[in-house]
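Residue numbers (our numbering): 349 to 715.
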């Protein structure tokens, strides 16, 4: 079968809710359960493309599942040409805006389309995109939330051992600056100087707090400071980037390539890390990251480690893959990490197969 012959038949979208082993505890939210929307894109030729979305808030699934099903109905009978379907899907939602839930639904469709094409071609996605299989440097982002310093340090040691990691991300933004400083200090003591440490404030500070806290940690040898203030305060990020020695990382909230371009034009960051559900899936990524490459800005991923690994193999300026195993409980064969790198398996497409028993156990009717 040739991938050019695929025709969209229907989209099946199923909401599941997984209990996190290490609940998210950030300054702006606590998340004990992780929502996933499993997408099966069926074609008339029998090939099924698979992808998933991670919309953070379980309630968001009640809007996204119907949106995906509607896109399947609207595009039924169309040839699976990713760029054409991406543009058609976005235009179909033009009057409600290109950002927010509209983009997220289109991104889920897009990732499943690319997976179906690569499966039909019997190639890993990265090979279909012109690259090759191999490893991608990864840091562990599975925990290190806002807990007591010693508890965070104990967990840091555990996270290193999960896959021989040489880089970790911990979250900051406790009530007192001294508590954040103590946490970084004890983690550094426990893991040693050879482990790269990224920190993420999860948009929890106003600009005044960010100036105080970021300057206070600016000499700690951190790999980057991520999203200290609300994502759309680009003027604030311009000031932080200009004043700090530590690189500023943003981008998980870029809705499409223009937002990335705008941030780089303003010099609002040193690094970018687009999120697949917001940047627009694989197609959105392929359109956005050349802008960063032209500006000489390193690119990392945000969530979605499986699809992230494939596109990083064809990304100029590829930096770090964010490793989170939150979708693993519903996967037949989760990706593996060894020596702080994810190695792409020799499987067609993105390489996702659902564990249907696990899916049935976590499926939710309404949220």
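All C-beta atoms, glycine included, are put in the ideal place defined by N, C-alpha and C.
Exercise. Excluding five sequence neighbours on each side, which residues of the same chain lie with their C-beta closer than 6 Å to the C-beta of residue 595?
Worked result: Translated into positions along the chain shown, residue 595 becomes position 247. Hits under 6 Å: 572, 618 and 619.
Exercise. In angstroms, rounded to a whole number, what distance separates the CA positions of residue 628 and residue 361?
Worked result: As a first step, residue 628 must be located in the chain shown, where it is residue number 280. As a first step, residue 361 must be located in the chain shown, where it is residue number 13. Cα-Cα distance, rounded: 18 Å.
Problem set entry | Secondary structure of residue 491, DSSP reduced to three states | The residue given as residue 491 occupies position 143 in the chain shown. If DSSP states are grouped into helix, strand and coil, residue 491 belongs with coil.
Problem set entry | Spatial distance of residue 593 from residue 693 (CA atoms) | The sequence position of residue 593 within the chain shown is 245, counting from 1. The sequence position of residue 693 within the chain shown is 345, counting from 1. When rounded, the distance between both Cα atoms is 38 Å.
Exercise. Thinking just about the alpha-carbon of each residue, which of 441, 683 and 356 is nearest to the one in residue 429?
Worked result: In the chain shown, counting from the first residue as 1, residue 429 sits at position 81. In terms of Cα proximity to residue 429, the closest of 441, 683 and 356 is 356.
Exercise. With a Cβ-Cβ cutoff of 8 Å, do residue 647 and residue 662 count as a contact?
Worked result: Mapped onto the chain shown, residue 647 falls at position 299. Mapped onto the chain shown, residue 662 falls at position 314. Contact: no.
Exercise. Which whole-angstrom value is the C-beta distance of residue 558 and residue 543, which I expect to be below 8 Å?
Worked result: The residue labelled residue 558 in the question sits at position 210 within the chain shown. The residue labelled residue 543 in the question sits at position 195 within the chain shown. No, residue 558 and residue 543 are not in contact; Cβ-Cβ is about 25 Å, not under 8 Å.
Exercise. What residues in its chain sit with their C-beta under 8 Å from that of residue 774, if we drop five residues either side in the sequence?
Worked result: Look at the range of the chain in this structure, 349 to 715, and you will see that residue 774 is not part of it.
Problem set entry | Secondary structure of residue 421, DSSP reduced to three states | Within the chain shown, the letter at position 73 stands for residue 421. Secondary structure of residue 421 (DSSP, three-state): helix.
Exercise. Three or more beta-carbon pairs under 8 Å between the segment 465-483 and the segment 669-685, yes or no?
Worked result: Counting Cβ pairs under 8 Å, fewer than three are found: no touch.
Exercise. Within this structure, are the beta carbons of residue 624 and residue 455 separated by less than 8 Å?
Worked result: Residue 624 sits at position 276 when you count from the first residue of the chain shown. Residue 455 sits at position 107 when you count from the first residue of the chain shown. Yes, they are a contact pair.
Exercise. Exposed or buried, which one is residue 345 when buried takes at least 16 other CB atoms within 10 Å?
Worked result: Outside the modelled stretch of the chain, which goes from 349 to 715, sits residue 345, for which no answer is possible.
Problem set entry | Test item: CB-CB of residue 525 and residue 547 under 8 Å | If you number the chain shown from 1, residue 525 lands on position 177. If you number the chain shown from 1, residue 547 lands on position 199. A distance of 8 Å or more separates the beta carbons of residue 525 and residue 547.
Problem set entry | Contact belief for residue 521 with residue 488 at Cβ below 8 Å, rounded distance in angstroms | The sequence position of residue 521 within the chain shown is 173, counting from 1. The sequence position of residue 488 within the chain shown is 140, counting from 1. Rounded to whole angstroms, the Cβ separation of residue 521 and residue 488 is 19 Å, and the two are not in contact under 8 Å.
For this session: Check each candidate in 434, 467 and 379 and name the one with the smallest Cα separation from residue 394.
Result: By 1-based counting over the chain shown, the position of residue 394 is 46. The option with the nearest alpha carbon to residue 394 is 467.
Exercise. Quick one: is the Cβ of residue 642 within less than 7 Å of any heavy atom of the ligand FAD?
Worked result: Summarising the ligand content, the structure contains no ligands, and the ligand FAD is consequently not present.
Problem set entry | Sheet register partners of residue 691 (DSSP bridge) | As a first step, residue 691 must be located in the chain shown, where it is residue number 343. In the DSSP output, where bridge partners are listed per residue, residue 691 has 483.
For this session: Within 10 angstroms of the Cβ of residue 713, are there 16 or more other Cβ atoms? Answer buried if so, exposed if not.
Result: Translated into positions along the chain shown, residue 713 becomes position 365. By the neighbour-count rule (16 or more Cβ atoms within 10 Å), residue 713 is not buried but exposed.
Exercise. Are the CB atoms of residue 632 and residue 463 nearer to each other than 8 Å?
Worked result: In the chain shown, residue 632 corresponds to position 284, counting from 1. In the chain shown, residue 463 corresponds to position 115, counting from 1. Contact flag unset, no.
For this session: Would you mind giving the Cβ-Cβ distance between residue 534 and residue 501, rounded to the nearest angstrom? I have them listed as a contact below 8 Å.
Result: Position 186 of the chain shown, counted from the start, is the residue given in the question as residue 534. Position 153 of the chain shown, counted from the start, is the residue given in the question as residue 501. Their Cβ separation, rounded to whole angstroms, is 5 Å, which keeps residue 534 and residue 501 in contact under 8 Å.
For this session: Over the uninterrupted alpha helix (DSSP H) stretch that includes residue 667, give me the two end residues.
Result: As a first step, residue 667 is located in the chain shown; it is residue number 319 there, counting from the start. Boundaries cannot be given for residue 667, as no alpha helix (DSSP H) includes it and DSSP labels it neither H nor E.
Problem set entry | For residue 703 and residue 711, the rounded distance between their alpha carbons | What you label residue 711 is simply residue 363 of the chain shown in a count that begins at 1. What you label residue 703 is simply residue 355 of the chain shown in a count that begins at 1. Each residue's alpha carbon lies about 12 Å from the other.
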